[in-house]
Amino acid sequence: MNMKKAKMILEKDFKVSEIDERIYGSFIEHLGRAVYGGIYEPGHQLADENGFRKDVIEMVKELGVPLVRYPGGNFVSGYNWEDGVGPREHRPRRLDLAWRTTETNEIGTNEFMQWAKLVNAEVNMAVNLGTRGIDAARNLVEYCNHPSGSYYSDLRISHGVKEPYNIKTWCLGNEMDGPWQIGHKTAEEYGRIACETAKVMKWVDPTIELVACGSSNRSMPTFAEWEATVLDHTYEHVDYISLHQYYGNRDNDIANYLAQSLEMDDFIRSVISIADYIKAKKRSKKTINLSFDEWNIWYHSNEADKLIEPWAIAPPQLEDHYNFEDALLVGCMLITMLKHVDRLKIACLAQLVNVIAPIMTEENGVAWKQTIYYPFMHASKYGRGIALNPIISSPKYDSKDFTDVSYLESTAVYNEEKEELTIFAVNRDLEEALQMECNIRNFDGYQLVEHIVLENENVKQTNAAKKANVAPHSNGNAVLENGIITAQIPKLSWNVIRLAKR
């Protein structure tokens, strides 16, 4: 039987856009063991003088995450930021109604900013538009970004932080369209409060960028209408509209599961269209870009979470243990986002540690990498520069919910400064390898560096503490001759083909 064949053409001029490094962002929420028992475990043998786990810090640094969204999430809609600053002995314990836990407030704004510095990340700070509003938001911007000489900037200084943080990216609430959200609002209600809050936040610091809440996911009954209404109110005062989406393989149909990135692609295109409709309606010269600030796989932990007793401190919530097929879909989602970097400027893998996360920790034990860690690390490490738009010809298949799904899901990134070219590729074929031929045309003098492959015979294989069952190798068989790359892309595999000018 002949192997299926796919062809690709790549040129330097096939540019989508320069990649904003913030698309490799992530997310830490006060939820489950993300903060307490995740990034922060004072009694751990690898904890630093501030209680932050050094093994976790190193794993986050290896991912190269440039931006971390904080402190939520649903949590932020009931959060008083003032509870988390100042002397710890004076900080109140609060009931977190979003996740039905008890929040100790041991970690707050200043501690988290300290941790973000350790992992070389900026913070994407969310403000509470559920139970709070304009006043709390403007005060938080003043506390974080104003140099000195005002009440809240001087309060920060009295808390031991002399220099302002100059946080650039801010979220105007979280998922305000969701009935589960504390302070849930209609699109009109949210549009008004977001507009007025945005104006005042930018009066405090005109250099900040603001993200307005889009729909909680594409299946929300108010999707599209919500975005249009919110942007109608906020268009001239915000910079981004957010997207959130999680996927799962509840039907155990891997062919359909791996095609879900096509829905993600359509979701992105739809939100771009809505934003541009409002631009046209307002005859505006300004373009609103996208922040996909929650995306991941989330379904493994749903049943376990029902057994958790309410009002515990940092219980093991949303602790999905990811398998190999999840890593493949994460790879497809990363490729999908790279195709849209002309408009998609921020993205946050939700989340980062323990909670639907690439990094897991054991209490008083080791930290370890989930299967999804690897495609994200590869994309973050090698996907910097200019996203290219390759011409791809691939055999296709149909699944339960999708038609014309390419077996080869692929894109490429050109780093002009380093003179590097990286091809990311997933083979969705369940049965056989795919013969890929890629013409790299005007990349003269480039040579193959390595062909990284993530593959496993068992699609349900997971990793565990001290057991990396799913891990990449560099034994891929790509070769480059006369400007043509040929490679066998193994069945159900994630591939990174790296080239550099020598």
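Counting in numbering that gives the first Met the number 0, the sequence shown runs from 0 upward without gaps. Backbone N, C-alpha and C define an ideal beta-carbon position, used for all residues, glycine too.
Spatially closest choice to residue i from the options, by CA coordinates
i, options, result
"residue 303", "488, 34, 290, 320", "320"
"residue 227", "218, 265, 281", "281"
"residue 116", "91, 93, 60", "60"
"residue 398", "258, 225, 39", "258"
"residue 275", "235, 182, 86", "235"
"residue 4", "411, 405, 480, 363", "405"
"residue 298", "373, 378, 249", "249"
"residue 346", "168, 51, 131", "168"
"residue 178", "165, 204, 221", "221"
"residue 103", "327, 313, 9, 292", "313"
"residue 357", "166, 224, 62, 482", "62"
"residue 328", "135, 423, 270", "423"
"residue 366", "462, 219, 378", "462"
Cβ neighbours of residue i in the same chain (closer than 6 angstroms, five flanking residues each side left out)
i, result
"residue 385", "14, 17, 413"
"residue 6", "392, 436"
"residue 73", "97"
"residue 106", "34, 39"
"residue 47", "53"
"residue 317", "31, 300, 354, 355"
"residue 323", "370, 455, 458, 460, 469"
"residue 118", "56, 59, 60"
"residue 193", "171, 211, 233"
Enclosing beta strand (DSSP E) for residue i [first to last residue]
i, result
"residue 169", "168-171"
"residue 392", "390-392"
"residue 349", "343-349"
"residue 101", "100-102"
"residue 464", "No beta strand (DSSP E) holds residue 464; DSSP gives it neither H nor E."
"residue 154", "Run containing residue 154: none in the beta strand (DSSP E); it sits in the alpha helix (DSSP H), 150-157."
"residue 14", "14-17"
"residue 367", "366-368"
"residue 450", "445-454"
"residue 24", "24-26"
"residue 7", "3-8"
"residue 494", "492-500"
The alpha helix (DSSP H) enclosing residue i, as first and last residue numbers
i, result
"residue 259", "259-281"
"residue 337", "323-337"
"residue 58", "53-62"
"residue 253", "253-256"
"residue 423", "Per DSSP, residue 423 belongs to no alpha helix (DSSP H); it is in the beta strand (DSSP E), 419-426."
"residue 138", "133-144"
"residue 235", "Looking at the DSSP string, residue 235 is not in any alpha helix (DSSP H), and its letter there is neither H nor E."
"residue 109", "108-117"
"residue 194", "186-203"
"residue 375", "372-381"
"residue 303", "301-304"
Close beta carbons around residue i, own chain, < 7 angstroms, minus the five adjacent residues each side
i, result
"residue 490", "426, 428, 429, 430, 431, 432"
"residue 263", "244, 332, 335"
"residue 129", "76, 77, 172, 180, 181, 182"
"residue 277", "227, 230, 231, 234"
"residue 120", "64, 65, 66, 67"
"residue 84", "107, 108, 109, 158"
Neighbourhood of residue i by C-beta, 8 angstroms cutoff - its chain only, sequence neighbours within 5 removed
i, result
"residue 473", "449, 450, 451, 452"
"residue 285", "234, 235, 278"
C-alpha gap between residue i and residue j, whole angstroms
i, j, result
"residue 421", "residue 261", "22 angstroms"
"residue 133", "residue 211", "14 angstroms"
"residue 309", "residue 32", "15 angstroms"
"residue 456", "residue 368", "19 angstroms"
"residue 273", "residue 287", "10 angstroms"
"residue 497", "residue 447", "6 angstroms"
"residue 146", "residue 126", "20 angstroms"
"residue 149", "residue 186", "34 angstroms"
"residue 418", "residue 445", "8 angstroms"
"residue 459", "residue 290", "31 angstroms"
"residue 464", "residue 87", "33 angstroms"
"residue 207", "residue 246", "32 angstroms"
"residue 42", "residue 361", "13 angstroms"
"residue 76", "residue 200", "17 angstroms"
"residue 388", "residue 411", "7 angstroms"
"residue 296", "residue 231", "31 angstroms"
"residue 20", "residue 65", "7 angstroms"
"residue 267", "residue 338", "10 angstroms"
"residue 94", "residue 28", "15 angstroms"
"residue 396", "residue 407", "11 angstroms"
"residue 371", "residue 466", "15 angstroms"
"residue 283", "residue 196", "21 angstroms"
"residue 443", "residue 482", "7 angstroms"
"residue 486", "residue 493", "13 angstroms"
"residue 164", "residue 251", "46 angstroms"
"residue 375", "residue 23", "8 angstroms"
Check: residue i C-beta below 7 angstroms from any heavy atom of the ligand FAD
i, result
"residue 18", "With respect to the ligand FAD, the structure offers nothing, as it holds no ligand at all."
Pairs of beta-carbons, one from the stretch 213-226 and one from the stretch 152-172, closer than 8 angstroms: are there three or more?
no
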